[in-house]
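Asks: What follows is a single structure, and I will ask about it in a moment.
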């Protein structure tokens, strides 16, 4: 019984530290300066552990340019967009966190 | 059987038939009319041909069969590539009709091009979605399918993983997934996004290796 409670406490503490993360990928170009959502963009979430980058999730942006990662532990991560650019982020909030938009300037 | 092997076997069989079948009328001519004076005289694909007797009959049959074989060969080729690849140059122009200058950068404007196809490559019929997936089955490992209802929810599956539980018909090129695609309403999606006016994230040189430069 005590073992079960211990396991439940361990899982619940892990869940409390997990966060749903979301953000938007926007695009701009030199003609229209207004940002517009980019769908179908590949977004990958990485964390560095002992000098190695581990992939924690991948997402193809929705039609509104949004990406979502579920149950991510708090900490420092890097978001890689289309395999071309890295964006460091920090996940601080428990429960859910919105990230500032990423803007890709197409030329 | 692999479609490429099947295509080679069919092509080879077609060639054998194309060469051997015209021998039948030639042999008939030779047997029935050994002293015939049938003559074939003319130009065949740039070659001057002048022959008589049974061989003339053979040449004429081969010549007539050429057009039939060409058509059949196209049909065999479609077994391996059952779709058309349409390619076209895309030009971006300024308002005055001059060429838009695409800078050599990591993110070219042309890369954001989207092509809408009508009728769409997907259709939904009585709660079942039917998709046309170009390319061979070898690409399924890299093929991600995203099913999205805007402002409701989404689900993403890898085609190779999904095909492990599917009825696959290699000849009609169809795959029927046994498990339904479940799209659960997602409150994060429904709530939307509030940080559009926030300062955008900044790119960094540090991070995992870039793959697509």
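Residue numbers (our numbering), protein chains in the order written: chain A, 1 to 107; chain B, 1 to 213. Just so it is clear, CB atoms sit at the ideal spot from N, CA and C, and this is done for glycine as well. In this text, all values refer to a predicted model and were calculated from it rather than measured experimentally.
1. Residue 154 of chain B and residue 24 of chain A: beta carbons closer than 8 Å?
2. Can you find the residues in the same chain that come closer than 8 Å, C-beta to C-beta, to residue 110 of chain B, ignoring five residues on each side of it along the sequence?
3. Check whether the segment 36-50 of chain A and the segment 77-88 of chain A touch, using three or more Cβ-Cβ pairs below 8 Å as the test.
4. Below 8 Å on the Cβ atoms is my guess for residue 61 of chain B versus residue 25 of chain B; work out the distance and round it to an integer in Å.
5. Put residue 86 of chain B into one of helix, strand or coil per three-state DSSP.
6. Got a sec, what are the start and stop residues for the beta strand (DSSP E) residue 68 of chain A sits in?
7. Taking residue 163 of chain B as part of the alpha helix (DSSP H), name the residues at either end of that continuous run.
8. Starting from the C-beta of residue 39 of chain A, find all residues in its chain whose C-beta is less than 7 Å away, skip the five residues before and the five after it, and write them out in chain order.
9. With the cut-off set at 8 Å, would you say residue 7 of chain B and residue 77 of chain B are in Cβ contact?
10. How would you write the range of the alpha helix (DSSP H) that residue 103 of chain B sits in, first residue to last?
11. Could you tell me whether any Cβ in chain B is nearer than 8 Å to the Cβ of residue 51 of chain A?
12. Would you mind listing the beta strand (DSSP E) stretches within the segment 134-205 of chain B that are 3+ residues and don't spill past its ends, in chain order?
13. Relative to the alpha-carbon of residue 144 of chain B, which residue among B:157, B:191, B:50 and B:137 has its alpha-carbon at the smallest distance?
14. Taking the runs of the beta strand (DSSP E) that are 3 residues or longer, which of them lie wholly in the segment 44-72 of chain B?
15. Using DSSP with H/G/I as helix, E/B as strand and the rest coil, what is residue 26 of chain B?
16. Flag this pair as yes or no: are the beta carbons of residue 83 of chain B and residue 34 of chain B separated by less than 8 Å?
17. Output needed in chain order: residues of the segment 187-203 of chain B with a Cβ under 8 Å from some Cβ in chain A.
18. Please state whether the Cβ-Cβ distance between residue 204 of chain B and residue 86 of chain A is less than 8 Å.
19. Bridge partners of residue 39 of chain B, per DSSP?
20. Specify the secondary structure class of residue 112 of chain B as computed by DSSP and reduced to three states.
21. Hey, could you find the ends of the beta strand (DSSP E) residue 39 of chain A is sitting in?
Replies: Taking the structure as given:
1. Here residue 154 of chain B refers to the residue found at position 154 when the second chain is read from its first residue. Here residue 24 of chain A refers to the residue found at position 24 when the first chain is read from its first residue. Not in contact: residue 154 of chain B and residue 24 of chain A (Cβ atoms no closer than 8 Å).
2. If you number the second chain from 1, residue 110 of chain B lands on position 110. Hits under 8 Å: 90, 92 and 102.
3. Note that the segment 36-50 of chain A touches the segment 77-88 of chain A; at least 3 beta-carbon pairs, one per stretch, sit closer than 8 Å.
4. As a first step, residue 61 of chain B is located in the second chain; it is residue number 61 there, counting from the start. As a first step, residue 25 of chain B is located in the second chain; it is residue number 25 there, counting from the start. With a Cβ gap of about 5 Å, residue 61 of chain B and residue 25 of chain B count as contacting.
5. For the purposes of this step, residue 86 of chain B is identified with residue 86 of the second chain, where counting begins at 1. The answer is coil: DSSP assigns residue 86 of chain B none of H, G, I, E or B.
6. Here the question's residue 68 of chain A lines up with position 68 in the first chain. Per DSSP, residue 68 of chain A belongs to the beta strand (DSSP E) from 66-73.
7. Taking the first residue of the second chain as 1, we reach residue 163 of chain B at position 163. Annotation for residue 163 of chain B: the continuous alpha helix (DSSP H) segment containing it runs 159-163.
8. If you number the first chain from 1, residue 39 of chain A lands on position 39. A distance below 7 Å between beta-carbons, with the five flanking residues on each side excluded, links residue 39 of chain A to the following residues of its chain, in chain order: 61, 62, 63 and 65.
9. Sequence index remark: in the second chain, residue 7 of chain B carries index 7 (1-based). Sequence index remark: in the second chain, residue 77 of chain B carries index 77 (1-based). Closer than 8 Å, so yes.
10. Here residue 103 of chain B corresponds to residue number 103 of the second chain, with the count starting at 1. Careful: residue 103 of chain B lies outside any alpha helix (DSSP H) and carries neither H nor E.
11. What you label residue 51 of chain A is simply residue 51 of the first chain in a count that begins at 1. Output row for residue 51 of chain A: interface = no.
12. Secondary structure remark: continuous beta strand (DSSP E) runs of at least 3 residues inside the segment 134-205 of chain B, in chain order: 144-149, 153-158, 166-169 and 174-177.
13. Within the second chain, numbered from 1, the residue matching residue 144 of chain B stands at position 144. Ranking B:157, B:191, B:50 and B:137 by Cα distance to residue 144 of chain B puts B:157 first.
14. Look at the segment 44-72 of chain B and you find these whole runs of beta strand (DSSP E), each 3 residues long or longer: 47-52.
15. For this step, residue 26 of chain B is matched to residue 26 along the second chain. Reduced to three states, the DSSP call for residue 26 of chain B is helix.
16. For the purposes of this step, residue 83 of chain B is taken as residue 83 along the second chain, with counting starting at 1. For the purposes of this step, residue 34 of chain B is taken as residue 34 along the second chain, with counting starting at 1. In terms of Cβ geometry, residue 83 of chain B and residue 34 of chain B do not form a close pair [threshold 8 Å].
17. Residues of the segment 187-203 of chain B with a Cβ closer than 8 Å to any Cβ of chain A, in chain order: 188, 189, 193, 194, 195, 196, 198, 199, 200, 201, 202 and 203.
18. Along the second chain, one-based indexing puts residue 204 of chain B at 204. Along the first chain, one-based indexing puts residue 86 of chain A at 86. At the C-beta level, residue 204 of chain B and residue 86 of chain A come within 8 Å of one another.
19. Taking the second chain and counting its residues from 1, one reaches residue 39 of chain B at position 39. According to DSSP, which records beta bridges pairwise, residue 39 of chain B is partnered with B:52.
20. The count along the second chain starts at 1 and reaches residue 112 of chain B at position 112. Helix, per DSSP.
21. Stepping through the first chain from its first residue, residue 39 of chain A is reached at position 39. Neither: residue 39 of chain A is in no beta strand (DSSP E) and is coded neither H nor E.
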